[in-house]
Structures are given as C-alpha cells and as structure tokens.
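Participant: Chains F and E, in that order, are what the protein sequence lines are.
Counting the first sequence from 1 gives a position; my numbering is that position plus 14.
Counting the second sequence from 1 gives a position; my numbering is that position plus 5.
By construction, the Cβ of each residue, glycine as well, lies at the ideal position given by its N, Cα and C atoms.
Would you mind keeping the following structure in view while I ask a few things?
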Amino acid sequence: MSDRVTLTIDGQEITVPAGTTLLEAAAQLDIEVPVICYHDATTSNGLCRVCVVDVNNGRLLQAACVTACANGGKVETRNERVERSRRTILEMLNSAVDLHQAPAIQTLMTDYNADPTRFPDAERREHALLDDNPFYMRDYSQCVLCWRCVQVCAEDAQYTFALTFGGRGFDTHIATAFDIPMPESPCVFCGQCVGVCPTGALKPKIQWGMEQGMTPDEIRQSTRRPRRRREETEEG
Amino acid sequence: MESLAEILAPYQDRRRDALLPLLWDIQTAFGHIGPDAVHQISHTLRVPEADIYGVITFYSLFSANPTAETVIRVCTDPICGMAGAGEVVDGLCHQLHIRHDETTPDGKYAVSPTTCLGLCDHAPAALISQHGHRELAVAPVIPETDVSTLSGLASYQSNVSGEILLKGVDGKHVESLAEYGSYRALHYAITTLGPEGVIGEVEKTALIGRGGAAFPTATKWKMTRQAMGQPKYVVCNADESEVGTFKDRVLMEGRPHLILEGVALCAYAIGATKAYIFIRGEYPKATQRLQLAIDEATQMGLLGANIFGSDFSLEIEIRRGAGAYMCGEETALFEAIEGNRGFPRIKPPYPTTHGLFQKPTVVNNVETLSTIPGIVEHGGEWFKQWGTEKSTGTKLVSISGHVHRPGVYEISPGMSLRQLLEAFCGGVMGNLQTVLMGGAAGTFLTPDQLDVPLTFEDLRAIRSTFGSGAIMVFNETANIGDILRRLGRFFKHESCGKCFPCQLGTQRQMEILERADAPLMGDRERLRDIGLTMTEASLCGLGQTAASAVLSALEKWPDLLTVKGQPV
Ligand SMILES: Cc1cc2nc3c(=O)[nH]c(=O)nc-3n(C[C@H](O)[C@H](O)[C@H](O)COP(=O)(O)O)c2cc1C
Ligand code: SF4
Ligand code: SF4
Ligand code: FES
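Spelled out as structure tokens, the structure:
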C-alpha cells in the first residue's frame with residue numbers, strides 16, 4: 015500500500031501522506047473548513063459536525079476533522095447538503111445555548127446564514143452560574159459540549175479526572191461526581207480546562223469580576239471567600 | 006440483604022471492565038448507587054469517581070439518588086401507547102395517589118413511563134424493579150393491576166411459529182440441553198471442518214446479519230480471523246431495544262442452546278476463546294435462561310476448556326445492559342462492556358480489527374448466530390432453500406399492533422407483507438392504515454405497498470428497510486401524529502448526546518412533533534432540515550435514522566402539520 019494518497023478537494027488535486035485528515039488537507043489548499051469542537055491539543059471526537067464535507071456524493075457527510083483522506087476521493091467542502099447541515103446545526107445550537115461569548119461561532123452563524131430565531135419555543139439548556147472555587151466560574155448555560163475540558167482534565171493532559179458528563183442526549187451536561195463543588199473534587203486548579211473552553215462557560219474569576227464591573231479589590235475579596243468557607247467546613 | 010462490603014468482595018481483583026456488573030449488583034441491592042458506594046467502587050476497580058458517576062447517569066435503570074422500593078416503568082412507545090399505556094400509568098398513579106415519576110410518601114412505589122420493553126405482543130407492558138430482589142420482571146399490565154401483586158405477574162406467552170430457528174418454540178417452554186442435543190455442529194466443526202471450513206460454509210449461504218445493518222456475516226468473520234491482534238472476541242448482540250422488536254427475546258427464552266452453539270462456532274471459526282453476550286437489562290427471563298444454559302453446557306464439557314477434547318476452549322460471559330438503546334450499536338456496546346459511558350466510537354477503525362478492548366472482534370445479532378449451527382450441520386447450500394438469492398435463509402419478524410395474532414414468525418423472505426399479515430397473523434383488525442416497517446428507525450408503508458416482497462433488496466428498492474425485523478401494524482383508529490410524537494420522545498430519550506446534530510436534533514424534532522396538532526408556521530420545513538441534518542451529519546446509526554420515520558411520514562401524508570389544510 016502506498017503511503018501517499020491523491021484526491022481532489024473542491025476541484026483542486028492534492029497528494030498527502032496517508033492518514034492526513036480532510037481538515038488538514040483542505041488547510042494545505044487554503045480551504046477553510048469550519049470547526050467548533052476541534053482543537054489542536056485535544057483528541058478529536060467528531061462531535062460538533064460543522065466540519066462535515068461531501069465525499070464522493072456519499073449517503074453520509076463526513077466529519078473532516080476525523081476522516082482520513084482516501085485515494086481518488088472527490089471532496090466538496092461546501093455544497094447545498096453541507097450548507098444545510100452546518101446551518102441547521104448552528105441554528106439548533108443557538109436555540110439551546112447562550113452563545114453571546116462565543117465570537118467564532120457567531121461568525122459562523124453569519125457565514126452560513128443561520129437564523130438565530132429559527133426555533134421558536136425551543137427549550138434552552140439553562141444552568142445556574144456556579145461559583146464554588148477561587149479561580150474560575152462555571153456557566154454551563156454557555157456550554158456547547160465540545161468535551162475539551164473533560165479531555166484535558168483526563169488523558170489529554172492532566173490525568174486528574176475531576177470532570178465527567180451527567181445525563182445523556184439533549185440533557186447531557188458537564189459535571190463532577192454527584193455535582194460536588196470543585197474544591198471537593200480531585201481538581202488541582204491547573205486551569206487547563208479554562209484555557210481550552212471556546213465559549214464563556216469556563217472563565218477566570220478575575221475576568222468575570224471585571225465584566226461585572228467589580229474593582230480588583232472586590233474581586234480579591236470574592237476569590238478568598240470560598241477557600242475560607244472550605245477550611246471552616248473541614249474544621250467542623 | 007447483602008452489605009456493600011459483601012457485594013464488593015468478589016470484585017477485589019477486578020478492573021474497570023467489571024464496572025457494569027458491579028453497578029448492577031449495587032443498584033439491585035439498594036435501589037441506587039450513592040456517593041459512598043461510588044467511593045468504594047473507585048477504590049476497588051481503580052476508576053475515577055467522576056467516571057463512575059458519568060456511567061451511572063448514562064443508564065436509565067441506574068440511579069444516583071434513592072428510588073422507591075418498587076419502580077414500575079410502563080412502556081409508552083407507539084404499540085403500548087395505542088394499547089392504553091397512558092391509562093395504565095394514570096391508573097397506577099391514581100391507585101397510589103402519586104404523579105408520574107413521584108414516589109409514594111412511604112417510599113414504596115414509583116411509576117414512570119419508559120421506552121419499548123420488547124413485550125409488544127402483550128401491550129401495554131411494564132418493567133418492575135424491586136430492590137433487594139435479584140430479578141426484575143417484565144409483564145403485561147392494565148390500569149386496574151393491583152400493584153401489590155406485580156412481582157408475581159411475570160408470565161406471558163408469545164405467539165410463535167417457525168420450523169428452523171423457532172423449531173419447537175411455543176413461547177413458554179425452554180429447550181433443555183437434552184432436547185437440543187450435544188452441540189453436534191460444533192463437534193463436526195472441531196473434528197472435521199476446521200475454522201476455515203466453517204467460514205466457507207457461512208460464505209456459501211450469503212448470510213446477511215439480522216441486527217439491522219445488513220452486513221454479510223462471512224466477510225466480517227474472515228476479516229476478524231485474518232486480523233493481527235490477539236486475543237480475539239465474539240460479542241453476541243442481545244441488546245434488542247429497537248421499538249417493536251422482540252424476536253431475539255423469544256429465541257433466547259426458547260432456545261438458549263442454539264444461540265450458545267452459534268456463539269461457540271463463531272469463536273472457533275475466528276479463533277476466539279472469550280465471548281460476551283450483551284443482553285438488555287429489561288430481559289430478566291432471557292438472561293436467566295441463557296445463564297442456566299451456559300452452566301449446563303459447561304458442566305457437560307460443551308463449553309469451557311478443551312471442548313470435545315480439542316485444544317479449543319471458550320468461556321461465554323453474559324453482560325447486562327442497563328437501559329440504553331444506544332448500547333445496541335456495536336461500538337457503544339464495547340464501551341459499555343469496558344465500563345465507560347455508552348458513547349459510540351468513530352469508525353473506522355472497525356470492530357474486525359479494533360473492537361472490544363481494541364482487539365479484533367466479531368459482533369453478531371442473536372438471530373444471526375442462531376442460524377450457524379444449522380448451516381454448519383447441513384452445509385451452506387441447505388440454508389439457501391429459503392428466501393431469495395440475496396436474502397437467503399429464514400428470517401424472524403416481530404409483529405405487533407392491530408393484527409389478530411401478534412407474535413414472532415419465521416418466514417421465508419420473498420413472501421409479501423400482505424401474505425404475512427394474512428397467513429400468519431390472522432389478518433389486520435379493522436382497516437389497515439399503515440405499517441411501520443423496521444422499527445423506530447424504519448419507515449411507514451401504506452396499504453398500496455402491501456405486495457412488497459419481504460426481502461432486504463425489495464424493501465431497499467422502495468426506500469424502506471427490514472431493519473431489525475419489526476413490523477408494527479396500525480389500523481384506521483391509530484393517530485399518525487400520536488405515533489410520531491411517541492417516536493420523537495423515544496429518540497430524544499435515547500440519543501447519547503455525543504454529536505451535536507442528534508443531541509440537539511432529537512430534542513427539536515420532539516418539540517415540533519409534540520405541537521403537531523397546532524403547528525407553527527414553518528414546522529414542516531424545520532422538521533425536514535432537522536431530519537436531513539441528523540440523517541447526513543450524525544456520528545452514528547442512531548442519529549442517522551432518528552428522522553427516518555418522520556421524513557417518510559411527511560412524504561406519505563401531506564396533511565401532517567397543516568393548519569386548516571394549509572401547509573405550514
Ligand atoms: C442505535 C443502534 C442500535 C442497535 N441495536 C442493535 C441491537 O439491539 N441488536 C443488534 O443485533 N444490533 C443492533 N444494532 C446494529 C449493530 O450495531 C450491529 O450492526 C449488529 O449487532 C451486527 O450484527 P449482525 O451483523 O449479525 O446484524 C444497532 C445499531 C444502532 C445504530
Ligand atoms: S465547559 Fe467549555 S470546554 Fe467544557 S465542554 Fe463546555 S464549552 Fe467545552
Ligand atoms: S448520532 Fe446520536 S446517538 Fe449517535 S453519537 Fe450522535 S448523539 Fe450519540
Ligand atoms: S470540528 Fe469536526 S466534528 Fe467538530
């Protein structure tokens with residue numbers, strides 16, 4: 015078997031090493047395929063599916079971030095089917111999740127003519143803002159379920175395993191075991207999850223405080239409180 | 006009752022792959038799996054607590070919070086719904102003075118709706134779990150059913166007819182080893198045919214898998230036999246959770262040894278020494294009968310070490326699912342056995358090279374494997390006397406709904422749907438309106454399509470599917486909108502949530518179907534966009550078929566989702 019494969023992407027021929035993903039090959043041709051869940055530093059799981067492309071006019075569209083280039087493939091990165099899927103995914107996502115602090119997704123909404131009011135009367139995934147540790151805030155109403163935080167906390171980086179998923183389907187949410195506060199979980203506050211979160215769901219407390227118009231002093235006060243609270247409970 | 010320590014004791018040297026059985030033991034004993042239990046499981050199996058919590062919340066039969074002593078789950082999917090499941094839920098709640106999903110003040114009872122229990126021929130059906138008791142029960146129920154007698158209800162008898170796979174099955178009797186015979190086909194394979202010979206016979210049959218994906222069985226076996234990794238595994242897929250499907254239950258309850266011999270022949274052919282039977286948690290009777298059969302066969306030396314004095318050894322282990330349609334998908338099933346949430350994997354790689362524990366694995370449906378002993382004993386050509394050139398052998402179908410004799414029937418593919426309904430099922434009750442072919446993931450057929458020959462190829466040609474062999478029949482009294490609503494709820498309940506199109510689409514699809522009697526402007530178009538997006542862009546077969554019935558309904562009935570005759 016040859017270790018290089020040749021295919022066409024939007025009519026342009028390209029030869030790449032076997033195993034190259036369609037996303038990588040497209041990038042080499044300066045063709046931009048949109049992504050939401052994909053991140054250089056985390057395992058790709060093919061979750062968001064906005065990267066889908068049409069390969070050989072197949073029955074199914076293929077997620078470019080996890081699909082390897084195949085010899086002789088004819089790939090279209092943007093046709094009617096692809097556009098419908100991307101637009102509908104974006105519209106559904108926007109109808110469920112607070113995306114106001116996800117500028118990259120907002121740009122995609124515009125690019126794909128996604129109608130922000132497409133799904134009236136739709137149940138949104140709403141969660142209370144979680145303020146349970148001195149370092150970061152968790153607002154899962156803004157969570158798109160890209161899995162990055164769970165992955166960096168686990169085998170992709172930290173091997174701490176503080177985070178998991180609760181529920182399933184539409185009701186899936188990022189959780190600790192039994193939803194215990196972060197300081198009671200194995201979390202070591204390395205901040206990697208905050209670093210990879212593509213929306214405002216995970217946010218350094220300082221940034222959050224500034225957005226709320228708090229003074230640096232007030233922020234410091236507020237970050238100290240939870241820790242003290244924890245010491246008290248440990249004594250008691 | 007056993008204490009937590011007693012339950013944990015046999016698991017001391019086990020690892021993550023023992024998580025599912027351990028969670029079952031604890032759930033059964035205490036009715037929930039709380040923080041203390043999770044803490045100790047974490048130590049015993051060396052699995053992070055968060056992961057264990059994630060697994061518990063994935064399954065609908067596990068609970069992280071205390072539950073009632075007796076939980077009655079009533080199936081409200083289309084067939085049970087039509088047979089009055091709603092009235093049953095209300096009736097039981099009324100008796101107990103509670104609302105849905107509420108527990109009586111004394112902590113004794115709770116009633117909740119659930120998805121298909123595979124007892125569609127005795128609709129409406131309920132699953133009864135009582136903690137402290139080893140076994141669950143599945144039983145037909147009526148609104149007046151006395152809740153205090155529920156555990157004693159577990160007797161039912163399905164209508165069954167068939168000459169090959171279902172030979173001697175009457176829906177009640179379980180075939181013993183003495184009646185079945187001492188695995189003659191396996192003996193012949195080991196002493197005469199050899200592994201390649203077995204695969205050769207299967208290849209001659211052109212057998213197509215019965216689990217729904219319609220993949221040629223011999224191809225799968227050959228690829229797995231040739232794959233490099235060791236050890237290799239056989240997984241018998243007994244998760245049967247497709248709405249309207251109960252043929253595997255009838256087979257397992259009636260002929261457990263036929264299935265075990267099929268599993269053994271597959272293991273021998275591909276070079277595996279360990280096999281799992283993954284059975285849905287809602288099938289207590291089938292589970293029990295299979296386990297007894299495994300014990301019986303092992304005792305007689307037909308399973309276990311050095312079978313028939315050869316160097317072929319095989320251990321068969323049963324794994325119980327815990328309420329997730331998703332886990333019938335082969336890769337999600339592997340994840341479940343490995344002790345993870347039942348998320349499907351991205352394919353490729355395929356199970357033939359990277360299956361269970363990332364090793365080469367054959368996954369086959371119960372029915373597929375049960376055809377093997379006959380094929381090996383009589384030869385591949387024998388199998389082709391039934392069916393058509395492309396749909397060879399006999400095929401089981403599960404028929405429910407408005408027919409006089411719902412049940413499981415073994416047919417020769419090629420007979421028409423009309424013949425099936427008339428000859429086997431005693432005809433349709435009332436005037437036929439539609440048939441939902443292939444399960445929740447299938448498509449609607451109308452009376453003008455009744456002459457379609459029941460084969461993989463003919464059904465595909467009319468853009469329908471054999472699917473899991475589920476055939477749900479609806480007469481003129483059925484309300485299509487109601488059927489669709491129930492299907493919508495089913496997929497919303499069962500989506501695993503991994504990929505966006507299905508995680509979001511099943512919810513949005515359900516919402517639109519819920520309001521289908523008073524739709525909003527644009528709802529038909531919304532349903533179409535959601536449906537096509539799920540179909541084309543979802544990661545796994547669940548999402549890819551979650552809109553199949555809905556899209557076919559929109560095509561068949563232009564009046565659906567219209568306001569005063571105007572499409573919206
Ligand atoms: C959501 C979903 C559920 C499935 N459930 C089952 C099931 O309960 N039993 C089954 O045999 N196959 C089921 N399948 C198909 C399996 O993935 C797999 O194709 C099958 O077990 C292979 O066996 P076969 O080749 O004998 O058909 C399911 C597939 C999907 C996508
Ligand atoms: S919290 Fe952020 S990183 Fe984690 S899954 Fe949600 S959006 Fe992704
Ligand atoms: S299609 Fe549905 S069930 Fe399959 S991975 Fe996506 S969310 Fe999960
Ligand atoms: S970027 Fe490919 S699936 Fe999300």
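List, in order along the chain, the chain F residues whose C-beta lies closer than 8 Å to that of Q508 (chain E)?
Facilitator: Position 503 of the second sequence holds residue 508 (chain E). Neighbours of Q508 (chain E) on chain F, chain order: L159, G183, F184, T186.
Participant: Is T247 (chain F) close to chain E? Criterion is C-beta to C-beta, closer than 8 Å.
Facilitator: Your numbering for residue 247 (chain F) matches position 233 in the first sequence. A caution first: T247 (chain F) carries a pLDDT of 44, below 50, which makes its placement in the model unreliable, though a value can still be read off. Not an interface residue.
Participant: Can you tell me whether E245 (chain E) sits near ligand 1, meaning its C-beta is under 7 Å from at least one heavy atom of the ligand?
Facilitator: To locate residue 245 (chain E), count along the second sequence from 1; it is residue 240. True, at least one ligand heavy atom lies under 7 Å from that Cβ.
Participant: If you drop the 5 nearest sequence neighbours on each side, which residues of the same chain put their C-beta closer than 8 Å to that of G486 (chain E)?
Facilitator: The residue you call residue 486 (chain E) lines up with position 481 of the second sequence. Answer for G486 (chain E): L518, A521, D522, L565, listed in chain order.
Participant: Taking the alpha-carbon positions, what's the C65 (chain F) to F184 (chain F) distance?
Facilitator: Translated into positions along the first sequence, residue 65 (chain F) becomes position 51. Translated into positions along the first sequence, residue 184 (chain F) becomes position 170. Each residue's Cα considered, the two are about 20 Å apart.
Participant: Evaluate I147 (chain E) with the Cβ neighbour count: other Cβ atoms within 10 Å of its Cβ, from every protein chain shown; 16 or more gives buried, anything less gives exposed.
Facilitator: Taking the first residue of the second sequence as position 1, residue 147 (chain E) is located at position 142. So I147 (chain E) counts as exposed.
Participant: At least one CB of chain E closer than 8 Å to the CB of A118 (chain F): is that the case?
Facilitator: What you label residue 118 (chain F) is simply residue 104 of the first sequence in a count that begins at 1. No, its Cβ sits nowhere closer than 8 Å to a Cβ of chain E.
Participant: I think K237 (chain E) touches G276 (chain E), with their Cβ atoms under 8 Å apart; what is that distance to the nearest whole Å?
Facilitator: As a first step, residue 237 (chain E) must be located in the second sequence, where it is residue number 232. As a first step, residue 276 (chain E) must be located in the second sequence, where it is residue number 271. Confirmed, Cβ separation roughly 6 Å.
Participant: Run through the DSSP bridge pairs and tell me what H187 (chain F) is partnered with.
Facilitator: On the first sequence, residue 187 (chain F) is found 173 positions in, with the first residue counted as 1. DSSP, once it has assigned bridges, lists F:G180 as partnering H187 (chain F).
Participant: Report the partner residues of R494 (chain E) according to the DSSP bridge assignment.
Facilitator: By one-based count along the second sequence, residue 494 (chain E) stands at place 489. None; R494 (chain E) has no bridge partner.
Participant: In this structure, what does DSSP give as the bridge partners for C167 (chain F)?
Facilitator: In the first sequence, residue 167 (chain F) corresponds to position 153, counting from 1. Bridge partners of C167 (chain F): none, in fact.
Participant: So with CB distances below 7 Å, who are the chain E contacts of A176 (chain F)?
Facilitator: Counting from 1 along the first sequence, the entry for residue 176 (chain F) is found at position 162. Those are A55, listed as they occur along chain E.
Participant: From T303 (chain E) to G309 (chain E), what distance separates their C-alpha atoms?
Facilitator: Start at 1 with the first residue of the second sequence, and residue 303 (chain E) comes out as number 298. Start at 1 with the first residue of the second sequence, and residue 309 (chain E) comes out as number 304. Roughly 6 Å between the two C-alpha positions.
Participant: Looking at ligand 3, does it come within less than 7 Å of Q508 (chain E), judged from the CB to the closest heavy atom?
Facilitator: For the purposes of this step, residue 508 (chain E) is taken as residue 503 along the second sequence, with counting starting at 1. Yes, the Cβ of Q508 (chain E) comes within 7 Å of a heavy atom of ligand 3.
Participant: Is the CB of K279 (chain E) under 8 Å away from at least one CB in chain F?
Facilitator: Against the second sequence, residue 279 (chain E) aligns to sequence position 274. Not one chain F Cβ lies under 8 Å of K279 (chain E).
Participant: Less than 7 Å between the CB of K503 (chain E) and some heavy atom of ligand 3, yes or no?
Facilitator: As a first step, residue 503 (chain E) must be located in the second sequence, where it is residue number 498. Yes, the beta carbon of K503 (chain E) sits closer than 7 Å to at least one heavy atom of ligand 3.
Participant: Going along the stretch 32-53 of chain E in order, which residues come within less than 7 Å of chain F, judged by CB to CB distance?
Facilitator: Listed by position along the chain: P40, V43, P53.
Participant: Taking the runs of the alpha helix (DSSP H) that are 4 residues or longer, which of them lie wholly in the stretch 44-120 of chain F?
Facilitator: Complete alpha helix (DSSP H) runs here, min 4: 94-110.
Participant: Identify, in the order they occur along the chain, each residue of the same chain with its Cβ nearer than 8 Å to the Cβ of K227 (chain E), setting aside the five sequence neighbours on each side.
Facilitator: Position 222 of the second sequence, counted from the first residue, corresponds to residue 227 (chain E). The answer, listed in chain order, is I204, E208.
Participant: Could you check how far apart the C-beta atoms of T72 (chain E) and A115 (chain E) are, in whole angstroms? I think they sit under 8 Å.
Facilitator: In the second sequence, the residue the question calls residue 72 (chain E) occupies position 67. In the second sequence, the residue the question calls residue 115 (chain E) occupies position 110. With 8 Å as the limit, T72 (chain E) and A115 (chain E) qualify as a contact, their Cβ atoms being about 6 Å apart.
Participant: Assuming C504 (chain E) and G223 (chain F) form a contact by the criterion Cβ under 8 Å, report the distance between their Cβ atoms to the nearest whole angstrom.
Facilitator: The count along the second sequence starts at 1 and reaches residue 504 (chain E) at position 499. The count along the first sequence starts at 1 and reaches residue 223 (chain F) at position 209. Contact doesn't hold; Cβ gap of about 35 Å is too wide.
Participant: Out of E:D106, E:I476, E:E372, state which residue places its alpha-carbon closest to the alpha-carbon of G443 (chain E).
Facilitator: On the second sequence, position 438 is the one that residue 443 (chain E) refers to. Considering only alpha carbons, the answer is E:I476.
Participant: DSSP three-state call for V478 (chain E): helix, strand or coil?
Facilitator: Walking along the second sequence from the start, residue 478 (chain E) turns up at place 473. Note: V478 (chain E) maps to strand in three-state DSSP.
Participant: From the beta carbon of E7 (chain E), is the nearest beta carbon of chain F less than 8 Å away?
Facilitator: The residue given as residue 7 (chain E) occupies position 2 in the second sequence. Output row for E7 (chain E): interface = no.
Participant: Any heavy atom of ligand 5 closer than 7 Å to the Cβ of T222 (chain E)?
Facilitator: For ligand 5, the structure offers nothing, since it holds only ligand 1, ligand 2, ligand 3 and ligand 4.
Participant: Find the nearest neighbour of G96 (chain E) within the set E:D151, E:C121, E:V174, judged by alpha-carbon distance.
Facilitator: Here the question's residue 96 (chain E) lines up with position 91 in the second sequence. Nearest option by C-alpha distance: E:D151.
Participant: To be precise: take each residue of the stretch 517-533 of chain E, compare its Cβ to all Cβ atoms of chain F, and keep it if any distance is under 9 Å. Which residues remain?
Facilitator: If the cut-off is 9 Å between Cβ atoms, the stretch 517-533 of chain E has I517, R520, L525, G527, R531 near chain F.
Participant: Report yes if the C-beta of A77 (chain F) is less than 7 Å from at least one heavy atom of ligand 4; otherwise report no.
Facilitator: Sequence index remark: in the first sequence, residue 77 (chain F) carries index 63 (1-based). Flag set: Cβ of A77 (chain F) near ligand 4.
Participant: Compute every distance between the C-beta of L492 (chain E) and the non-hydrogen atoms of ligand 3, then say whether any falls below 7 Å.
Facilitator: Counting from one through the second sequence, the residue named residue 492 (chain E) turns up at place 487. No, since every heavy atom of ligand 3 falls outside the 7 Å radius drawn around the Cβ of L492 (chain E).
Participant: Does DSSP put I31 (chain E) in a helix, in a strand, or in coil?
Facilitator: Against the second sequence, residue 31 (chain E) aligns to sequence position 26. If DSSP states are grouped into helix, strand and coil, I31 (chain E) belongs with the helices.
Participant: Are the stretch 74-89 of chain E and the stretch 40-56 of chain E touching by the rule of at least three beta carbon pairs closer than 8 Å?
Facilitator: Contact between the stretch 74-89 of chain E and the stretch 40-56 of chain E is absent, because fewer than three Cβ pairs lie under 8 Å.
Participant: So does P118 (chain E) have its beta carbon nearer than 7 Å to some heavy atom of ligand 3?
Facilitator: The residue you call residue 118 (chain E) lines up with position 113 of the second sequence. No, ligand 3 has no heavy atom inside 7 Å of this Cβ.
Participant: With burial defined as no fewer than 16 other Cβ atoms inside 10 Å of the residue's Cβ, what is the status of V402 (chain E): buried or exposed?
Facilitator: As a position in the second sequence, residue 402 (chain E) is number 397, starting the count at 1. With 16 or more other Cβ atoms within 10 Å, it is buried.
Participant: Just the Cα atoms here: how many angstroms apart are V440 (chain E) and D82 (chain E)?
Facilitator: On the second sequence, residue 440 (chain E) is found 435 positions in, with the first residue counted as 1. On the second sequence, residue 82 (chain E) is found 77 positions in, with the first residue counted as 1. So the alpha carbons of these two residues sit roughly 15 Å apart.
Participant: Consider the C-beta atom of C157 (chain F) and the heavy atoms of ligand 3; say whether any pair is separated by less than 7 Å.
Facilitator: Position 143 of the first sequence holds residue 157 (chain F). Answer for C157 (chain F): no, Cβ out of range of ligand 3.
Participant: In chain F, which residues lie with their C-beta within 9 Å of the C-beta of C501 (chain E)?
Facilitator: Mapped onto the second sequence, residue 501 (chain E) falls at position 496. Under the 9 Å cutoff, chain F gives R182, G183, T186.
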